[in-house]
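Working notes, structure below.
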Amino acid sequence: MRRLVSIACLLPLLAGPVAAQERLHAPGLTCQALKTAVARARDVVVASSETAYDIVHADGSACLNVNGESSEPVYVPTTDEANCLAGWRCMQRSSDGSSSH
């Protein structure tokens, strides 16, 4: 019984990283709710459909000077806007100066 109680106490700690990987499903949120969630989390996975998603950062500077990355805005459909500015995604800079995902 004591072992079962110990395991039960550890479960919330083990669930933490899994919960952090949850995706926000943009089409089910208003633009303001999505922006608020991104601002609160700072970095979050945002799904624009069942198969398309981006890691969205609240601040475009989150990508700068990291392995030659830059940032670009992420627009996704929400319940009230077809193109809601959710935040910023990191883009890898190529040697010719262009950006790619």
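Using mature numbering (1 follows the signal peptide of the UniProt record, and there is no 0), the letters of the sequence shown map in sequence onto residues -20 to -1, 1 to 81.
Every residue gets a Cβ at the ideal spot worked out from N, C-alpha and C, and that includes glycine.
Treat the numbers as computed from the prediction; the structure is a model and nothing was measured.
- Checking the DSSP bridge columns, you'll see G48 has no partner listed.
- By the CB criterion at 8 Å, V56 and V26 fall inside the cutoff.
- G67 has V54 as its beta-bridge partners, per DSSP.
- Note on T16: under 16 other CB atoms within 10 angstroms of its CB, so exposed under the neighbour-count rule.
- Bounds of any beta strand (DSSP E) do not take in L9, whose DSSP letter is neither H nor E.
- Taking one beta carbon from each stretch, the segment 33 to 40 and the segment 57 to 65 have fewer than 3 pairs nearer than 8 Å; the two do not touch.
- Here the alpha carbon of A13 sits roughly 15 Å from the alpha carbon of D23.
- Residue D34 holds the alpha-carbon nearest to the alpha-carbon of R3 among E52, D34, S51, N47.
- Around the beta carbon of A6, 16 or more other beta carbons sit within 10 angstroms, so the residue counts as buried.
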